[in-house]
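K.L.:
To convert a position in the sequence shown, counted from 1, into the numbering used here, add 352. A virtual CB, placed ideally from N, CA and C, is assigned to each residue, including glycine. If you're wondering where the values come from, they're calculated on a predicted model, not measured in any experiment.
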Amino acid sequence: MVLVKSYLIRLKHIFAFKKIKKQVHYLLLYVITLIYLIVKNSYLLVILIILLLVLFFIYNRTLLYYSLCISLVIVPYIIINNCNFNKICIDVVNDYGKVYKVVSYDDYDKVYIKINKVNFFFNTNDNLLSSGDKVYIKGKVKILSKSHYENGFNYYDYLRYQNIYGQIVIEEVKLINKGFGINIFHEKVNNYIRIKFNPTNAQIIQALIIGEKHNLDEELNEDIKGIGISHLFVISGLHVELINKTIDKFLTVIKMKEKYKNIIILLFQLFYYVLTSLLVSILRVIIGFVLSKFLKNIVKELTTIDKLSLNAIIVLLINPYNLFSYSFLLSYMIVFGILLISPKLKKEKGIKNFIINNLFISFTSTIISLPIIVRISSDINILSILFNLFFIPFVSYILLPLTFIVFVIPGLEFIYSFIVNFFIGVTRVLSNIDIFTISFSFIPLVLVIIFYILFILVFMNKGYKYKKIIRIVFILYIVFLYYLPYFNNIEEVSFLDLPSGDATFIHTSYNKKNILIDTGDVDASMIISFLKTKGVKNLDAVIISHGDSDHIGGLISLNNEFKIKSLFISYYDSVSVNEIKNYNLSNIQVYYLKEGDEFYIDKLYFKVLWPGSNQFDVNNNSLVIYSEIFNTRFLFTGDIEKEAENGFVKKYKNLCVDVLKVAHHGSKTSSTIEFLNCVKFTYAVSMNGYSNTYNFPHKIVVDRINGLDNVIMLNTLDFGTITFYRKNRNSPLKIKVSFNS
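1) Buried or exposed for proline 796, please, with buried defined as at least 16 other CB atoms from any protein chain shown within 10 angstroms of its CB.
2) If contact is defined by three or more beta carbon pairs under 8 Å, each pair taking one atom from either stretch, is the stretch 1050 to 1067 in contact with the stretch 824 to 832?
3) Quick one: using the 10 Å Cβ neighbour count with 16 as the cut-off for buried, is phenylalanine 367 buried or exposed?
4) Going by C-alpha distance, which of Asn840, Ile908, Phe811 is nearest serine 938?
5) To which residues does DSSP link arginine 727 through a beta bridge?
6) If we count the other Cβ atoms within 10 Å of its Cβ and call it buried at 16 or more, is lysine 555 buried or exposed?
7) Considering just the uninterrupted stretch of the alpha helix (DSSP H) at asparagine 596, what are its terminal residues?
8) If we count the other Cβ atoms within 10 Å of its Cβ and call it buried at 16 or more, is aspartate 1055 buried or exposed?
9) So, for leucine 389: in the same chain, excluding its five sequence neighbours on each side, which residues have a beta-carbon less than 7 Å away from its beta-carbon?
10) Return the bridge partner residues of serine 319 from the DSSP annotation.
11) Could you tell me if valine 586 is buried or exposed, where buried requires 16 or more neighbouring beta carbons within 10 angstroms of its beta carbon?
12) Out of Asn863, Glu700, Asn434, Asn542, which has the shortest C-alpha to C-alpha gap to valine 888?
13) Just the Cα atoms here: how many angstroms apart are tyrosine 513 and isoleucine 430?
14) Could you tell me how far apart the beta carbons of tyrosine 382 and serine 419 are, in whole angstroms, since I believe they sit closer than 8 Å?
15) On the CB-based measure, 16 or more other CB atoms within 10 Å of its CB, does asparagine 1040 come out buried or exposed?
16) Quick check: the Cα distance between isoleucine 761 and phenylalanine 803, rounded to an integer number of angstroms?
17) Please state if the CB of valine 1009 and the CB of phenylalanine 1033 are separated by a distance shorter than 8 Å.
18) So within the stretch 881 to 919, which uninterrupted beta strand (DSSP E) runs reach at least 3 residues, ignoring any that extend past its ends?
19) Quick one: give me the first and last residue of the alpha helix (DSSP H) that leucine 752 is part of.
20) For a test of the three-state rule: what should DSSP assign to phenylalanine 1091, helix, strand or coil?
21) As a quick exercise: from Ser1022, Tyr768, Asn515, pick the residue whose alpha carbon is nearest that of tyrosine 997.
22) Could you tell me which residues DSSP pairs with cysteine 1008 in its beta bridges?
23) What are the partner residues of tyrosine 978, as DSSP defines its beta bridges?
24) With H, G and I counted as helix, E and B as strand and the rest as coil, what does DSSP make of lysine 450?
25) In the DSSP output, what is valine 383 paired with across the bridge?
26) The beta strand (DSSP E) with valine 463 in it runs from where to where?
27) In terms of DSSP beta bridges, what is arginine 1078 paired with?
28) Please return the same chain residues whose Cβ sits closer than 7 Å to the Cβ of leucine 386, not counting the five positions on each side in sequence.
29) Roughly how many angstroms separate the alpha carbons of threonine 476 and asparagine 1062, rounded to a whole number?
30) Could you check which residue in Lys933, Asn912, Val894 has the C-alpha nearest to that of serine 918?
31) Please determine, among Ser791, Phe986, Ile827, Pro837, the residue with the shortest C-alpha to C-alpha distance to phenylalanine 914.
32) Would you mind reading off the limits of the beta strand (DSSP E) that contains methionine 1065?
33) Taking only the alpha-carbon atoms, compute the straight-line gap between valine 487 and asparagine 438 and give it to the nearest angstrom.
34) Starting from phenylalanine 472, trace the beta strand (DSSP E) in both directions and tell me its first and last residue.
35) Which runs of the alpha helix (DSSP H), 4 residues or longer, sit entirely within the stretch 501 to 575?
36) Is it buried or exposed for glutamate 564, if we count other Cβ within 10 angstroms and need 16 for buried?
Laid out in structure tokens, this is it:
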């Protein structure tokens, strides 16, 4: 017994919390690094993990003990979760399940369901299901793909972090019996708002009260993002603080004791947490409230930054995958930045100091969230710092309080409508001021780490030598990040994986030249996002193979986003010619190409091999272009079919290339045996469109190509975006695909 008591005393001494006061943020750094290392297999972070453990061992053994204990919780959790997830192999479902969440959109419901301990989702138009319902479901399981292009949105990981295996394409759904689930409160409130208020007001109320942003009007949502105020439409401490103050004032009036007052406020916070469908940002506030009100003796010696760090550690222990939620990152990052600069804020009251403080807070929030925002959207509006001076107080003191009031008293909606329409109008006007909007390319992890090290050095409160130099270095570093593509010596040709259509991107070293062959379908949002991650500011040339909408459809959208210097189209393609006239692209130099034409773009060589005359068919009038790009030969074939291929074979014998773009997405009307034997190639790339309904590429074409000697066929359905690249023109040709990224 004495030994046990002695051991417990020793254990208490080892884990004495006061020994890590003012150092909890180092523990948070360790936790973040550990989770990212295990989940992403980022071996770059192994060095940082080892360095932290060595420093803990040398300077603070208690931190080391806490780190090891946390590792014993997090590492097994992630490994076991990954193993269980990877073991799942389900192609069809024909079983009973329980609905645990329903998200209502304007024209359908997204239903999340658990079947035999495995989570799925499916879409339905019935609007009959709610959390807790038991249903019978039959359908095929669709595994959502990874990034369709390098550094793009990874739907597979997004679902995996929520422990969702895939989507069920339903054949039959039958409600067995109604039930109860924790998310039913959220669903009931959401439906109440949709029914009770007009659509314009309802979208704002849903976003501000329960965090449902997906029903925001698309144009309004783009305007909000464009002026940099998206953070005001994320449920956060601001919302909870408003509720807390209201309850606190009421309980103070009735003279309730502080202890009971805190319990009631906590219960309201927990209810609101459930009402918002368990948002991480609300969990942060609840944990902060518990630490400050119920555990204040334990954390009283911690700094505000260490309290926030402890808060984040608890959230990550509850679910390590929260680290990959933008809501988690932005919520903690912005609060961390504000705490870091709070000693520098003016203490005296007055309009002038209020404006200065809010300007400083807005500036700091913009800077600290920069690497995160860039991963969500490449565009940053510099004027958002000024816009927030108006919108932060407007939303905090007018729109948000009035939203809660009108939610409880719908009869006041006529007043609310005026405020909402005013907000939408101002937002729309300001969103048109885009002259100060700049785009950043994708920022790699190692550069993000350097960014935050410099940020902390700049804004930390302790004085140290060379602080002015560090500030200058930090400013120059942000400028460097903006011009990052101009330091990249990679030369590449990317065959994009789009929902439908073709688009091939040619990118030379140091961002000298950017060329696009075809522009995909009308919705060019994916191409635009891809180009911005590459740091493209201008398109030096756009080459349109022919006038089908899945090859020329995105041209207008691209012209609105980027300056297009030159446009090349087929001389014989009347569809393209007419489309260009309709588009009224007077700002672009247009060139009409036909067989025999040659041109250079920088050192890139292009020669038109087809058509030599009008084929009286839009597909067969496609430009067939031979190109030499960084010592690699490409043949781009558009959508030519059998007739054009037969004509091509008669003109060209034993044409040798390295990469053949398979004609017409791999349709059986193209890629004849004669054509494939005429052109000697090593790689065949088929761009199929992952939403195509034509079953491209056709099996007969795949078999023909795979039957050739020493040929490798790649298609975007299996590999995502396919990129051929060299680090310099004398280095070996390499291939990377986005589904491995």
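P.N.:
Working from what's here:
1) Residue 796 sits at position 444 when you count from the first residue of the sequence shown. When all chains shown are included, proline 796 counts as exposed.
2) no
3) On the sequence shown, residue 367 is found 15 positions in, with the first residue counted as 1. Any answer about phenylalanine 367 is weak, because its pLDDT of 48 lies below 50 and its placement is not dependable; what the coordinates show is given next. The residue in question, phenylalanine 367, is exposed, as its Cβ has fewer than 16 Cβ neighbours within 10 Å.
4) Against the sequence shown, residue 938 aligns to sequence position 586. The candidate whose alpha carbon is nearest that of serine 938 is Ile908.
5) Within the sequence shown, the letter at position 375 stands for residue 727. Answer by DSSP bridge pairing: none, since arginine 727 is not bridged.
6) The count along the sequence shown starts at 1 and reaches residue 555 at position 203. Contrary to the premise, residue 555 reads as glutamine rather than lysine in this sequence. Glutamine 555 is buried by the Cβ-count criterion.
7) For the purposes of this step, residue 596 is taken as the residue at position 244 of the sequence shown. Looking at the DSSP string, the run of the alpha helix (DSSP H) that includes asparagine 596 is 589 to 605.
8) For this step, residue 1055 is matched to residue 703 along the sequence shown. When all chains shown are included, aspartate 1055 counts as exposed.
9) Counting from 1 along the sequence shown, the entry for residue 389 is found at position 37. Excluding residues within five positions, the ones whose Cβ falls inside 7 Å are Leu397, Val398, Ile401.
10) Here the chain comprises residues numbered 353 to 1093, so residue 319 is not present and cannot be evaluated.
11) Along the sequence shown, one-based indexing puts residue 586 at 234. Classification of valine 586: buried, given that the 10 Å Cβ count is 16 or more.
12) Against the sequence shown, residue 888 aligns to sequence position 536. Residue Asn863 is the option with its Cα nearest to valine 888.
13) Here the question's residue 513 lines up with position 161 in the sequence shown. Here the question's residue 430 lines up with position 78 in the sequence shown. Their backbone Cα atoms lie some 10 Å apart in a straight line.
14) For the purposes of this step, residue 382 is identified with residue 30 of the sequence shown, where counting begins at 1. For the purposes of this step, residue 419 is identified with residue 67 of the sequence shown, where counting begins at 1. Confirmed, Cβ separation roughly 5 Å.
15) In the sequence shown, counting from the first residue as 1, residue 1040 sits at position 688. Its Cβ being crowded by 16 or more others within 10 Å, asparagine 1040 is buried.
16) The residue given as residue 761 occupies position 409 in the sequence shown. The residue given as residue 803 occupies position 451 in the sequence shown. So the two alpha carbons sit approximately 47 Å from each other.
17) Here residue 1033 corresponds to residue number 681 of the sequence shown, with the count starting at 1. Here residue 1009 corresponds to residue number 657 of the sequence shown, with the count starting at 1. Going by C-beta atoms, phenylalanine 1033 is nearer than 8 Å to valine 1009.
18) 893 to 895
19) The residue you call residue 752 lines up with position 400 of the sequence shown. Leucine 752 -> alpha helix (DSSP H) spans 752 to 760.
20) Mapped onto the sequence shown, residue 1091 falls at position 739. Correct three-state label for phenylalanine 1091: helix.
21) Reading the sequence shown from its first residue, position 645 is the one you call residue 997. As written in the sequence, residue 997 is glutamate, which differs from the tyrosine given in the question. Of the listed residues, the one whose Cα sits closest to glutamate 997 is Ser1022.
22) Position 656 of the sequence shown, counted from the start, is the residue given in the question as residue 1008. DSSP output for cysteine 1008 lists Lys1032 as bridge partner(s).
23) As a first step, residue 978 must be located in the sequence shown, where it is residue number 626. Beta-bridge pairing links tyrosine 978 to Lys959, Leu987.
24) Locating residue 450 in the sequence shown gives position 98, where the first residue counts as 1. Strand at lysine 450.
25) Taking the first residue of the sequence shown as 1, we reach residue 383 at position 31. Paired residues: none, contrary to the question.
26) Taking the sequence shown and counting its residues from 1, one reaches residue 463 at position 111. Where valine 463 is concerned, the enclosing beta strand (DSSP E) stretches over 461 to 467.
27) Here residue 1078 corresponds to residue number 726 of the sequence shown, with the count starting at 1. Partner(s): Glu843.
28) Numbered from 1 along the sequence shown, position 34 holds the residue referred to as residue 386. Excluding residues within five positions, the ones whose Cβ falls inside 7 Å are Ile401, Ser423, Ile426.
29) On the sequence shown, position 124 is the one that residue 476 refers to. On the sequence shown, position 710 is the one that residue 1062 refers to. Roughly 47 Å between the two C-alpha positions.
30) Here the question's residue 918 lines up with position 566 in the sequence shown. Out of Lys933, Asn912, Val894, Val894 has the C-alpha closest to the C-alpha of serine 918.
31) In the sequence shown, residue 914 corresponds to position 562, counting from 1. Per the Cα distances, Ser791.
32) In the sequence shown, counting from the first residue as 1, residue 1065 sits at position 713. 1064 to 1067 is the extent of the beta strand (DSSP E) around methionine 1065.
33) Position 135 of the sequence shown holds residue 487. Position 86 of the sequence shown holds residue 438. Each residue's Cα considered, the two are about 26 Å apart.
34) The count along the sequence shown starts at 1 and reaches residue 472 at position 120. That run of the beta strand (DSSP E) goes 470 to 476.
35) 507 to 512, 536 to 548, 551 to 557
36) The residue labelled residue 564 in the question sits at position 212 within the sequence shown. Under this definition glutamate 564 is a buried residue.
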